[in-house]
Amino acid sequence: MSDDRVVIVGSGPTGTIAAWTLVRAGFKVTLLESGCSFPKHLHVRLCDREIYCPYALEIRDRVTYPHFENLGDPLTRWFKAHLLGGLGSFWGGVVLRFAAEDFTQGELVSQRFCWPIRYEDLEPYYNRVEQLIGVRGGTRSVPVLPACQVSRVLDVPQEFSDLAAAAAKLDRWLVPTNHVYGNSTILSQIPSPANVGIRLLARLRRCKNFRLISNAHVTRLQLHQTKAAAAGVEYIDRQSGELCFQAGKAVVLAAGQLGSTHILLNSCSGNGVSGVDNASGLIGRYLHDNMYAAYTYDVDRPPLKQSLMSYLTRPDYAKAEPLRTTGFQIYAGALDKKPLANAKLRGNLGLAPQSLQEGEFSLLFACFGTQVPQESRHVSLHPTAKDEYGLPLLRIGTCQDRQDLETLADGRRAAEALMEVAGWQFRPKNIAIEPPGTSVHFGGTIRMHDNPNFGVLNAFNAMHDIPNVFVVDASCFTTCVEKNPTLTAMAIAMRAADFLIRNSASLP
Ligand SMILES: Cc1cc2nc3c(=O)[nH]c(=O)nc-3n(C[C@H](O)[C@H](O)[C@H](O)COP(=O)(O)OP(=O)(O)OC[C@H]3O[C@@H](n4cnc5c(N)ncnc54)[C@H](O)[C@@H]3O)c2cc1C
0 MSDDRVVIVG SGPTGTIAAW TLVRAGFKVT LLESGCSFPK HLHVRLCDRE
50 IYCPYALEIR DRVTYPHFEN LGDPLTRWFK AHLLGGLGSF WGGVVLRFAA
100 EDFTQGELVS QRFCWPIRYE DLEPYYNRVE QLIGVRGGTR SVPVLPACQV
150 SRVLDVPQEF SDLAAAAAKL DRWLVPTNHV YGNSTILSQI PSPANVGIRL
200 LARLRRCKNF RLISNAHVTR LQLHQTKAAA AGVEYIDRQS GELCFQAGKA
250 VVLAAGQLGS THILLNSCSG NGVSGVDNAS GLIGRYLHDN MYAAYTYDVD
300 RPPLKQSLMS YLTRPDYAKA EPLRTTGFQI YAGALDKKPL ANAKLRGNLG
350 LAPQSLQEGE FSLLFACFGT QVPQESRHVS LHPTAKDEYG LPLLRIGTCQ
400 DRQDLETLAD GRRAAEALME VAGWQFRPKN IAIEPPGTSV HFGGTIRMHD
450 NPNFGVLNAF NAMHDIPNVF VVDASCFTTC VEKNPTLTAM AIAMRAADFL
500 IRNSASLP
């Protein structure tokens with residue numbers, strides 16, 4: 000490629016994976032990031048033994064709660080982290096591959112829900128991403144969840160063997176929870192080995208063809224006057240307040256699901272400014288969410304010495320309505336060691352405190368439910384109100400409808416059926432259906448589809464209308480899948496970067 004740079008926006012897991020792929024292929028990359036630092040915290044692991052490992056929850060005070068106008072459920076949440084590494088600085092690091100059917104189930108419902116890619120398209124990228132980030136997990140593929148390539152093998156805890164047997168009778172599977180693990184020995188200031196962005200940035204910064212500009216809040220794409228292509232991006236230097244421009248041969252948006260959507264909406268034509276056409280009106284539409292519900296039970300079992308965790312899959316595809324399902328992370332033991340149980344975080348999230356005592360055997364079914372995408376669920380720009388950067392305020396219009404609540408109720412029945420079939424005595428302790436956005440798994444607002452009437456992006460994440468603009472975070476998802484989205488978004492980001500590498504000469 001010539002001297003032209005690829006401009007990437009966002010230093011979270013997806014932006015840094017794209018940057019890594021391009022830089023390794025010899026491309027010049029400039030990465031623009033609105034934030035400027037990352038939360039430091041010593042992490043010491045010696046030969047797989049955790050000596051000092053701050054739980055990521057302890058450093059999550061850096062999450063911001065941006066202003067937005069709420070057009071739907073008044074409790075809707077939007078989490079953002081303007082810092083190097085993005086939300087990947089404190090995510091749970093749970094990584095699950097989508098199964099082949101996750102890309103095809105939508106076709107059973109409507110042509111609008113056809114992904115333009117198949118599992119086989121992503122498989123090599125799942126492999127590459129997993130090798131890069133280091134995954135600990137199970138090695139057995141089950142029909143609804145392909146195994147990751149793991150560097151450390153994990154089994155279902157012995158204490159869960161009854162549950163595993165019960166799951167099989169219910170057409171679900173209980174498997175180890177795959178998570179980003181990193182190396183066996185770590186002495187690092189990075190708070191979590193799952194902090195993919197920071198780990199990759201540390202390596203990228205040593206490459207001469209990579210440039211990071213932090214404190215650069217991207218406002219909009221700037222288009223060429225004469226051709227359907229982006230010339231680069233405009234950004235606000237947050238230190239000087241100056242409006243700047245970064246030219247690029249191609250632009251890769253990886254600013255987080257709503258962050259990338261905000262940039263594209265700001266780039267649309269209007270007020271005498273020429274820009275992205277959005278004639279189909281699709282940008283910002285089809286917002287979907289992994290609905291989150293926390294079902295906690297006291298269980299009549301001997302107390303545990305340590306917390307345990309496993310993943311309960313969705314049911315077999317033949318046993319569930321397409322696009323409507325649930326999957327669960329199951330936590331057992333002292334809840335003060337479990338995600339979402341930390342009192343401070345719960346306070347930050349606006350969740351009610353939990354009251355479980357150390358030593359009890361309690362089971363938390365962290366339920367992730369799918370939403371059938373609807374055009375009416377959306378994000379858009381406020382006509383007059385501005386955000387802290389002077390940009391139009393984002394409006395979020397979403398809520399959980401009757402069908403969604405039924406999906407979550409099915410999930411609760413599945414959790415209770417699991418314990419019943421396992422022969423475990425239980426009683427509900429805390430049943431909480433959380434508002435939209437709680438899982439931090441929004442998606443769909445810049446969706447992929449072969450047909451430009453149904454999607455903004457093609458099969459390689461380039462915009463149908465502006466082929467040198469790529470969107471690689473989970474806003475590109477065509478349908479909502481119950482599995483945590485970030486591994487798939489990273490694989491998609493790597494695949495889009497690979498496409499750019501192969502086709503840079505033919506970009507407009
Ligand atoms: C507590 C918690 C636990 C989670 N656990 C999991 C999990 O176990 N598994 C899972 O799959 N997912 C999980 N997630 C979700 C996961 O963190 C996100 O899906 C993931 O970080 C998305 O990666 P990304 O690179 O697309 O975006 P982000 O990580 O959000 O990064 C986007 C970056 O873009 C920057 N940015 C935004 N706007 C602009 C702009 N205009 N200009 C310049 N820069 C900009 C931001 O500052 C940020 O650094 C969790 C999230 C949270 C908060």
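In terms of numbering that gives the first Met the number 0, the sequence shown has 354 at position 355, counting the first letter as 1, and numbering is strictly consecutive. From the three backbone atoms N, C-alpha and C, an ideal C-beta is built for every residue, glycine too. None of these values were measured; they are calculated from a predicted model.
Placement of the Cβ of H448 at a distance of 7 Å or more from every heavy atom of ligand 1 is found. Rounded to whole angstroms, the gap between the alpha carbons of S268 and Q224 is 13 Å. In the DSSP secondary-structure assignment, R44 is bridged to E49 and I185. A distance criterion of 7 Å places the beta-carbon of G11 in contact range of ligand 1, judged by its closest non-hydrogen atom. For H377, the secondary structure class from DSSP, reduced to helix, strand or coil, is strand.
DSSP places G326 within a strand segment (E or B) once states are collapsed to three.
In the three-state reduction of the DSSP assignment, D3 falls in the coil class. Secondary structure of R135 (DSSP, three-state): strand.
Excluding its 5 nearest sequence neighbours in each direction, D299 has C-beta neighbours in its own chain below 8 Å: F360, W423, Q424 and F425, listed in chain order. In this structure, G92 lies near V179, with their beta-carbon atoms less than 8 Å apart. In this structure the stretch 481-494 does not lie against the stretch 273-285, because fewer than three pairs of beta carbons, one per stretch, are closer than 8 Å.
Checking the DSSP bridge columns, you'll see K27 partnered with R4. Separation of R411 and Y294 (C-alpha to C-alpha, rounded to the nearest whole angstrom) is 7 Å. For V420, the enclosing alpha helix (DSSP H) covers residues R401 to A421. Of the candidates R198, F441, K482 and F364, the residue whose Cα lies closest to the Cα of A408 is F364. Counting other Cβ atoms within 10 Å of its Cβ, V468 reaches 16 or more and is therefore classed as buried. A215 has D236 as its beta-bridge partners, per DSSP.
Shortest gap from the CB of D236 to any heavy atom of ligand 1: 7 Å or more. In this structure the stretch 276-288 does not touch the stretch 130-146; the number of beta carbon pairs closer than 8 Å is below three. Residue pairing by DSSP places Y388 in no beta bridge whatsoever.
G240 and N177 do not touch by the CB rule: their CB atoms are close to 44 Å apart, not below 8 Å. With distances taken between CA atoms, D170 lies nearest to L144 out of P427, F159, S150 and L144. In the DSSP secondary-structure assignment, L144 is bridged to V141. Here F37 is not near L86, since their CB atoms are 8 Å or more apart.
Non-local beta-carbon contacts of K226 in its own chain, meaning distances under 6 Å to residues more than five positions away in sequence, involve P507 in chain order. Here H66 is exposed: its Cβ has fewer than 16 other Cβ atoms, across all protein chains shown, within 10 Å.
Note that the C-beta distance between A24 and W90 is not below 8 Å. In terms of Cα proximity to W114, the closest of A496, C475, R501 and L499 is C475.
Around the beta carbon of Q399, 16 or more other beta carbons sit within 10 angstroms, so the residue counts as buried. Its chain contains I282, G283, V378, T444, I445 and S474 as the residues whose beta carbon lies nearer than 7 Å to that of T260, once the 5 sequence neighbours on both sides are disregarded; these appear in chain order. When C-alpha distances from V251 are compared across L263, Q305 and C243, the shortest belongs to L263. In this structure, A230 sits near A246, with a CB-CB distance shorter than 8 Å. The beta carbons of L486 and V232 sit no closer together than 8 Å.
Not a single heavy atom of ligand 1 lies less than 7 Å from the C-beta of F97.
A distance below 8 Å separates the beta carbons of L417 and L311. With fewer than 16 neighbouring CB atoms inside 10 Å of its own CB, V43 falls in the exposed class.
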